[in-house]
Structure formats: C-alpha cells, structure tokens
Amino acid sequence: MSETARQPKLIWKTPLRDLLRGRITGRLDWEGRLKRAELPDTARELILRVVKRTRLWRLEKAAVAEELIAHFADALDAGRPIDSVVERFGDENAAVKLIRRAKKRNRPLVWHALRFATYGVWALLLSYSVVFANFYLRQPVVSVDYLAQINADALALPPEKRAWPMLERAMVNLGLLPLYPLNDDATEQQRKLAKLLESNPGDPAWPELMRYLDAHDAELVQLRAAFHMQKLGFVFGPGGTQSDPVLGLSNRPASEADRFLVRTLLPELDCRRYAASVVGADARLARQRGDAERFVRDLEAITAFAQQPDSPFPVNQLANIGIFTLAVDEMDAMLRDSPSLLNGDQLLALTHQIARYGGDTAGSLFSLESDRMTFHDLIQRCYSDDGHGNGELTFAGSKLLQTVAFASSEVEGLAVATTGVTTLLGSRRDVLAEYDRLLDIEERALDRPLRESAKDFTDVTNRVREIRGSRVLTLKYLPIACRFQNAWQCAANAERAFGRRDGVCTGAALELFRRRNGRYPERLDELVPTSLPAVPTDRISGDPVRYRLIDGKPVVYSVGCDRIDDGGRVMMQNGDLIEALAAEWDKAAARKIRGDWILFGMPQELTP
Amino acid sequence: MKIESDLMRGAGPVAVLRLLEGGEKYGYELVQALEKQSDGVLAMGQSTLYPLLYNLEAKGLIASRTAMAGNGRERRYYWLTGNGKKKLIAATEQWQSLAAAMAKLGVLGT
Numbered sequence: 000m001s002e003t004a005r006q007p008k009l010i011w012k013t014p015l016r017d018l019l020r021g022r023i024t025g026r027l028d029w030e031g032r033l034k035r036a037e038l039p040d041t042a043r044e045l046i047l048r049v050v051k052r053t054r055l056w057r058l059e060k061a062a063v064a065e066e067l068i069a070h071f072a073d074a075l076d077a078g079r080p081i082d083s084v085v086e087r088f089g090d091e092n093a094a095v096k097l098i099r100r101a102k103k104r105n106r107p108l109v110w111h112a113l114r115f116a117t118y119g120v121w122a123l124l125l126s127y128s129v130v131f132a133n134f135y136l137r138q139p140v141v142s143v144d145y146l147a148q149i150n151a152d153a154l155a156l157p158p159e160k161r162a163w164p165m166l167e168r169a170m171v172n173l174g175l176l177p178l179y180p181l182n183d184d185a186t187e188q189q190r191k192l193a194k195l196l197e198s199n200p201g202d203p204a205w206p207e208l209m210r211y212l213d214a215h216d217a218e219l220v221q222l223r224a225a226f227h228m229q230k231l232g233f234v235f236g237p238g239g240t241q242s243d244p245v246l247g248l249s250n251r252p253a254s255e256a257d258r259f260l261v262r263t264l265l266p267e268l269d270c271r272r273y274a275a276s277v278v279g280a281d282a283r284l285a286r287q288r289g290d291a292e293r294f295v296r297d298l299e300a301i302t303a304f305a306q307q308p309d310s311p312f313p314v315n316q317l318a319n320i321g322i323f324t325l326a327v328d329e330m331d332a333m334l335r336d337s338p339s340l341l342n343g344d345q346l347l348a349l350t351h352q353i354a355r356y357g358g359d360t361a362g363s364l365f366s367l368e369s370d371r372m373t374f375h376d377l378i379q380r381c382y383s384d385d386g387h388g389n390g391e392l393t394f395a396g397s398k399l400l401q402t403v404a405f406a407s408s409e410v411e412g413l414a415v416a417t418t419g420v421t422t423l424l425g426s427r428r429d430v431l432a433e434y435d436r437l438l439d440i441e442e443r444a445l446d447r448p449l450r451e452s453a454k455d456f457t458d459v460t461n462r463v464r465e466i467r468g469s470r471v472l473t474l475k476y477l478p479i480a481c482r483f484q485n486a487w488q489c490a491a492n493a494e495r496a497f498g499r500r501d502g503v504c505t506g507a508a509l510e511l512f513r514r515r516n517g518r519y520p521e522r523l524d525e526l527v528p529t530s531l532p533a534v535p536t537d538r539i540s541g542d543p544v545r546y547r548l549i550d551g552k553p554v555v556y557s558v559g560c561d562r563i564d565d566g567g568r569v570m571m572q573n574g575d576l577i578e579a580l581a582a583e584w585d586k587a588a589a590r591k592i593r594g595d596w597i598l599f600g601m602p603q604e605l606t607p
Numbered sequence: 000m001k002i003e004s005d006l007m008r009g010a011g012p013v014a015v016l017r018l019l020e021g022g023e024k025y026g027y028e029l030v031q032a033l034e035k036q037s038d039g040v041l042a043m044g045q046s047t048l049y050p051l052l053y054n055l056e057a058k059g060l061i062a063s064r065t066a067m068a069g070n071g072r073e074r075r076y077y078w079l080t081g082n083g084k085k086k087l088i089a090a091t092e093q094w095q096s097l098a099a100a101m102a103k104l105g106v107l108g109t
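For the protein sequence lines, the chains are A and B, in the order given.
Going by numbering that gives the first Met the number 0, the first residue of the first sequence is number 0, and it counts up by one from there.
Going by numbering that gives the first Met the number 0, the first residue of the second sequence is number 0, and it counts up by one from there.
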C-alpha cells in the first residue's frame with residue numbers, strides 16, 4: 000500500500016498531541032508496525048499476545064510494542080536463534096501483569112488522583128450503603144415497662160383507699176364527666192359549666208351557680224372526702240383506669256403503643272381541676288352566706304387535694320399548684336372582703352394547713368424523675384440496643400421522633416433528614432449521657448431557690464439552644480433537640496405558689512394582730528413570734544418581704560423582678576392590675592416589667 | 000545458576016542502576032551487559048527487564064528517550080537520574096554491608 004493511501008488511516012492512529020503539532024506519525028498503529036517488522040512469526044505472535052493482553056492505553060501499548068520489537072530485532076541481529084530469544088523472554092503471563100502494573104505507575108499524577116478519588120467514591124458509597132441498610136434494618140428494643148413503674152404506687156393501693164372512684168362518681172353526678180363525650184352538645188354543656196364555676200358573687204351567672212351548688216350538696220360531700228384521701232389511685236395506660244366507660248375513652252381501642260409514656264393520656268388531669276373548681280366555687284358561696292365552717296371545710300379539702308399524690312408527671316404537679324393557688328386565692332379574698340368570717344381558731348387552723356404546703360424550694364413539689372423515665376422510654380423506642388446500654392437510631396425511631404417532636408419545625412425537618420446523614424447521629428449512650436447531665440443540673444437547681452439557681456437553668460437552656468442551633472449537634476442529640484423541656488417554668492410556678500402561700504399566711508397573721516390590737520402592726524417584725532415564726536423571705540430578692548398599709552389596708556409584697564421597691568404597686572397590663580406580673584426571675588423580664596409582686600392585699604396601680 | 004526471584008527482586012534494580020551509571024543504554028544492551036558482566040547469574044528476560052525499567056522510571060530513578068539507532072531502528076534509551084544516582088550509592092552501601100556480614104558468617108568466601 001502506498002504512503003498516500005495509508006494517510007487517512009494514519010491520522011486515526013496518530014496521537015492528538017502529534018496532530019496538534021502538525022505531524023501525522025501513526026504512532027498508535029503498533030500492530031501495523033509489528034506486521035511490517037522483520038521478525039519471525041513466533042516472535043511477532045508473542046509480542047502481539049503480550050501487548051494486547053496488557054490492556055494499556057494505545058500509546059502505552061505502542062511504546063511497549065516498539066521496545067519489544069526492537070529487542071527481538073537486536074537479538075536476531077546479534078545472531079541469536081529465534082527459539083532461544085523467545086525462550087529467554089520469560090513467563091508470558093507474568094510479563095503481561097508486570098508490564099501493565101509498571102506502565103500504570105508511569106501514568107500522570109492527575110490520572111492517579113482521579114483513580115484514587117474514584118476508589119474513594121466507591122468506598123464511600125459502599126460504606127454508606129452498609130450504614131444506610133443498617134439504619135433501615137435495625138429495630139428498637141422495648142425492654143423496660145416504664146408505665147408499670149409509674150403505675151406501681153396506684154396498683155399497690157387497695158381499691159377502697161383510692162380517691163378516684165369516689166371522685167369519679169361525684170363528677171358524673173355533677174355533669175362534669177365524661178370528659179371526652181361523643182357528641183358536641185355535651186362538650187358545649189361542659190364548657191358552659193366550667194365557665195359557670197368561675198362566677199363570683201355579683202356576676203350575672205352567680206345565682207345559677209348557687210342553684211347548681213345547692214343541688215349538688217351530696218356530691219360536694221363526696222368531693223371533699225375524696226380530696227382528703229391519701230392517694231388518687233389512677234392507673235394510667237391501656238387496661239388502666241382510662242378504660243372506665245365513664246371517662247368516655249372506651250370508644251378508643253387501647254393499644255400497646257399507649258404504653259409509650261410520651262403518649263400517656265392524663266384524663267384525670269382536667270377532672271381534678273374541675274373538681275377543685277367546684278369546691279372553690281362552694282367556698283365562695285360559703286363566704287357569701289357567712290358559713291365559716293363550710294368555708295374552712297372547702298379550703299382544707301382543696302389544700303389537701305393539692306398535695307394528694309397523683310402521678311409523677313410535672314404537668315400533674317403544675318395542676319396541683321393551680322389547685323393550691325385556688326385555695327390561696329379564696330383565702331386572700333376572704334381576708335380582704337370578709338375578714339371577720341372565721342373565728343381565731345378557724346383562721347389559725349386554716350393558716351397552718353396552708354403554711355404546710357410544699358417547702359422552700361420547687362424540689363419539694365417537683366420531681367423530674369418521670370421526665371427522665373419518659374425520655375428513656377422514648378430512647379428505647381427509637382434506638383437499637385446492643386445489650387450494653389448502647390445502640391443506634393433506627394429508621395422507625397426517626398419516624399417516631401417526628402411525631403412527638405415539640406421543638407421547632409427546623410428540628411422536625413432535620414428528623415426527616417436523618418435518613419440521609421445517619422453517620423452524624425449520636426449513639427444511644429451519647430444522647431442519654433447528655434440528657435441525664437442536663438436533667439441532673441435541673442434537678443439540683445430545683446432544690447435551691449430560683450433566685451440562686453436561675454443561672455443553672457439558663458445554662459441548660461443555652462445548651463439546648465446550642466444543640467438546636469447547630470445542625471451537627473442537632474443530629475448528634477436529635478431526641479434532645481426534639482423533646483427537651485426546660486424545668487424553669489416548674490420552678491417559677493412553685494416559687495409563685497410559695498410567694499402567695501407566704502403572703503396569705505402573713506395576711507392571716509396581720510388579721511389576727513388587728514383583732515388583738517385593734518390596729519395593724521407598723522412592721523412585720525411585730526408578728527414574730529406570736530403569729531409568725533419569722534418574716535417570710537422575698538422569693539426574688541432574698542430579703543424579708545415588704546409590708547405597708549395603703550388606704551388603711553395591709554399589702555404584703557415582693558420587690559418583683561426589677562428588685563425596686565415601688566411601695567406595693569403594680570404595672571397595669573391590658574387595663575388590668577396583675578398582682579403577679581412582676582413574679583419573674585429572668586433578667587429579660589426585669590428589663591421590661593416594673594412594679595412589685597403583690598403577695599397579699601389589694602394591688603394599686605404604679606404611676607409613672 | 001538460577002537466582003531465587005526474591006533475591007533477584009532486590010538485586011535486579013541495583014544491577015540495572017549500576018549498568019546505567021556508565022551511560023545510557025537500551026533494553027537489549029542491558030540484557031547483554033547483565034548476562035555478560037554477571038556471568039549469566041543476573042541474566043533476565045524481557046518479561047523481567049522491561050517491567051523493572053518501567054518501575055524505576057515511575058520512581059524517577061531513571062529516565063528514557065526514544066532515538067533512531069544507526070540501523071534505522073527506533074530504540075528507547077535509559078539513563079540514570081540524580082535521584083537514581085543517590086539511590087545507587089545508598090543501595091551499594093547496603094549491599095556491601097550485606098556482603099560483609101554474609102562473609103563473616105561464612106556464607107561468602109573470604
């Protein structure tokens with residue numbers, strides 16, 4: 000074939016770099032050159048086999064072929080017999096393998112980098128697939144029945160010692176049960192009844208409330224008796240008290256998922272609130288009618304009810320504080336509006352009972368143990384268990400977290416994202432260790448007055464905020480980001496209740512002093528020790544509470560969150576004077592709320 | 000005498016570096032020189048020599064160029080680089096120490 004005819008073929012067999020230089024070298028046509036080489040067939044075939052099998056780039060093959068052709072030709076030129084040269088070539092398979100390996104080592108750095116990057120990507124994909132499959136396939140193991148632990152006390156109680164059955168009967172007759180009726184009319188009826196229970200003498204609805212209470216005297220007797228019993232005895236969860244048809248929950252089939260503490264129904268909570276409201280309304284009626292004995296009976300019953308163990312859930316403890324505050328409010332109103340209602344003995348006995356409520360710190364009312372149990376229950380339903388207290392988040396668990404998260408939508412969104420970033424998730428041990436650490440801080444803080452422990456609560460809040468604010472930490476501690484609830488409000492509510500308790504007890508002591516001396520004292524010191532063991536401490540400042548007579552009436556107060564004595568006056572908010580507006584412990588509140596926190600007596604407006 | 004492949008793997012590259020110290024050489028020339036100068040002990044076929052040369056080149060110990068020989072045939076010539084020279088000095092010292100040690104043990108004749 001002439002050189003001109005071969006030209007088009009040569010273009011295809013010329014490396015690009017040669018073409019760019021304007022040269023048509025045909026260097027890649029190593030097979031053609033092998034054919035044209037003056038070599039015996041044995042040598043030619045050997046070279047062809049070896050070079051082809053190396054599976055190198057075309058230019059690399061051409062270079063190897065060129066070198067081998069030259070080598071064979073040199074050997075033949077030197078007079079070596081072809082059989083000897085072929086024999087000396089060595090192992091053909093080894094040659095293919097070694098030449099390929101060595102030539103690849105000579106490739107450019109970029110090629111090596113790309114090769115390793117490709118291996119890296121594959122390795123990453125492979126390992127991620129394993130992690131991903133593991134995430135989907137592993138299952139949570141529910142090994143601890145926390146609900147049984149919550150119910151242990153109630154179940155140990157003989158039925159006759161449980162307050163709930165008596166309370167329930169009274170509430171049915173009062174029309175306040177079932178709480179979850181099947182028809183909307185009944186719900187509306189209950190709503191009206193709840194509103195009616197808030198009426199005060201002089202309100203348009205007061206006569207109706209009077210008739211209602213008079214018609215249910217027997218139920219009131221039952222309620223007071225139930226309030227004084229030692230324990231409520233409500234059994235939570237499927238198969239427990241909630242299955243009672245009277246509660247109106249029986250249409251909802253109990254399922255094993257109801258044993259999940261996060262989803263535990265607390266139907267007794269509203270029932271208790273309504274029951275306390277009924278007796279509170281009766282106390283108002285007794286005061287209006289001048290029936291001191293009945294008033295004392297009602298308030299003693301409410302105060303006892305506020306201390307009756309129900310469940311360890313903080314929400315129940317908060318409800319108990321609400322019930323106690325109801326008694327304190329009625330006592331306060333009586334001392335202000337009907338100070339002569341009770342005789343000295345009655346007033347003293349009632350005051351002593353109110354003074355016995357709680358202790359000096361929120362820890363006397365609250366335990367976070369049920370919070371801990373609830374979180375640990377959540378973890379066992381979300382994480383796998385390796386049998387040594389550790390495990391990983393499961394796909395089912397991440398879905399469950401989405402349904403129970405009460406943090407921001409961002410956190411919920413991240414819960415969805417867990418399917419894609421499983422490697423960033425913290426282990427079961429990591430999450431529990433961090434949660435327990437935070438809860439331990441709060442538990443210790445609850446055992447100190449809030450004015451001293453506020454920083455600890457703030458530290459915990461800041462840490463949870465940090466977890467929620469960082470994508471990495473959110474994923475590491477996902478259940479904490481989704482579910483952690485600060486106990487600050489529990490502590491603040493307890494402090495408010497203690498402040499009111501101390502205020503009302505001081506108010507009662509002032510009334511007893513007035514009866515004995517015909518005047519109010521100049522200073523609270525005069526009440527000690529005859530009527531008070533000591534002047535109560537201001538729950539915000541730590542100093543003794545303040546006292547003054549405004550328009551001849553006693554006012555006992557705390558200096559409030561701004562810690563400035565405004566003379567027992569409060570800020571107006573939305574046209575109302577709110578006694579406890581300044582009952583705040585965080586610094587942010589102090590910047591915008593002025594005035595005092597009224598513990599006893601009529602609040603007066605703070606004038607600018 | 001046939002040398003065990005493990006020994007050859009250590010000696011082969013040093014022998015090639017040593018031969019290239021004298022100036023650039025092409026493949027067949029190296030095979031001839033190895034056979035002749037080692038009395039056939041270090042003789043190696045193409046299946047061993049060329050991968051060895053490519054490996055030394057990948058490590059930067061030798062370099063190569065293609066040039067037209069007198070007979071009109073293209074040949075690839077190899078020569079020692081600066082790194083190759085350093086490597087050869089280090090390897091030579093190691094082989095000398097090894098030989099001395101083997102001699103003391105009576106493995107090599109004194």
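Glycine is no exception: its CB is placed at the ideal position from the N, C-alpha and C atoms.
If you count every other CB in all the chains shown that lies within 10 Å of the CB of residue i, and 16 or more means buried, which is it?
i: Phe497(A); result: buried
i: Glu578(A); result: buried
i: Gly22(B); result: exposed
i: Tyr118(A); result: exposed
i: Tyr135(A); result: exposed
i: Met43(B); result: buried
i: Glu441(A); result: buried
i: Phe456(A); result: buried
i: Ser63(B); result: buried
i: Asn618(A); result: The displayed coordinates of chain A run from 0 to 607. Any statement about residue 618(A) would go beyond what the structure contains.
i: Leu19(A); result: exposed
i: Thr402(A); result: exposed
i: Trp11(A); result: exposed
i: Lys35(B); result: exposed
i: Met570(A); result: buried
i: Ser452(A); result: buried
If we ignore side chains and look at the alpha-carbon of each, how far apart do residue i and residue j end up?
i: Ile68(A); j: Glu91(A); result: 15 Å
i: Ala639(A); j: Val140(A); result: Absent from the model: residue 639(A). The displayed extent of chain A is 0 to 607, so no value can be given.
i: Gln229(A); j: Phe394(A); result: 44 Å
i: Leu367(A); j: Ala275(A); result: 25 Å
i: Leu16(B); j: Arg26(A); result: 29 Å
i: Ala303(A); j: Phe226(A); result: 6 Å
i: Arg296(A); j: Asp290(A); result: 10 Å
i: Ser1(A); j: Ala112(A); result: Only weak support is given to the placement of Ser1(A): the predicted model assigns it a pLDDT of 49, under 50, and the question is left unresolved by the model.
i: Asp575(A); j: Asp328(A); result: 17 Å
Could you spell out the range, first to last residue, of the beta strand (DSSP E) harbouring residue i?
i: Met67(B); result: Ile61 to Met67
i: Val554(A); result: Lys552 to Ser557
i: Glu44(A); result: No beta strand (DSSP E) holds Glu44(A); the alpha helix (DSSP H) holding it covers Asp40 to Thr53.
How is the alpha helix (DSSP H) around residue i delimited, first residue to last?
i: Lys160(A); result: That residue, Lys160(A), is in no alpha helix (DSSP H); it is neither H nor E in DSSP.
i: Tyr127(A); result: Leu108 to Leu136
i: Phe497(A); result: Trp487 to Asn516
i: Ile440(A); result: Arg427 to Leu445
i: Trp612(A); result: Residue 612(A) is absent from the model: chain A starts at 0 and stops at 607.
i: Ile466(A); result: Leu449 to Gly468
Note down, in chain order, every chain B residue with its Cβ under 7 Å from the Cβ of residue i.
i: Arg87(A); result: Gly44
Would you mind telling me which residues of chain A sit closer than 8 Å to residue i, beta carbon to beta carbon, in chain order?
i: Arg64(B); result: Chain A residues near Arg64(B): none, gap ~12 Å exceeds 8 Å.
If you compare alpha carbons, which of the options is closest to residue i?
i: Glu28(B); options: Asp73(A), Asp595(A), Arg223(A) and Glu433(A); result: Asp73(A)
i: Glu56(B); options: Trp11(A), Lys102(A) and Arg43(A); result: Lys102(A)
i: Ser397(A); options: Leu437(A), Ile378(A) and Asp542(A); result: Ile378(A)
i: Ala318(A); options: Leu284(A), Gln188(A) and Pro266(A); result: Pro266(A)
i: Asp439(A); options: Ser426(A), Asp458(A), Ala280(A) and Arg427(A); result: Asp458(A)
i: Glu167(A); options: Asp40(A), Pro553(A), Val245(A) and Ala404(A); result: Val245(A)
i: Ala32(B); options: Gly11(B), Ser46(B) and Thr91(B); result: Gly11(B)
Which residues in chain B sit within 8 Å of residue i, going by Cβ to Cβ distance?
i: Glu65(A); result: Thr65, Glu73 and Arg75
Who are the neighbours of residue i on chain A, taking C-beta pairs under 9 Å?
i: Gly26(B); result: Glu66, Leu67, Ala69, His70 and Asp73
Under the criterion of a Cβ to heavy atom distance below 8 Å, does residue i qualify as lining the ligand PLP?
i: Gly119(A); result: For the ligand PLP, the structure offers nothing, since it holds no ligand at all.
Where the stretch 46 to 59 of chain B meets chain D: residues whose CB sits under 7 Å from a CB there: Among the protein chains in the structure shown, which are A and B, there is no chain D.
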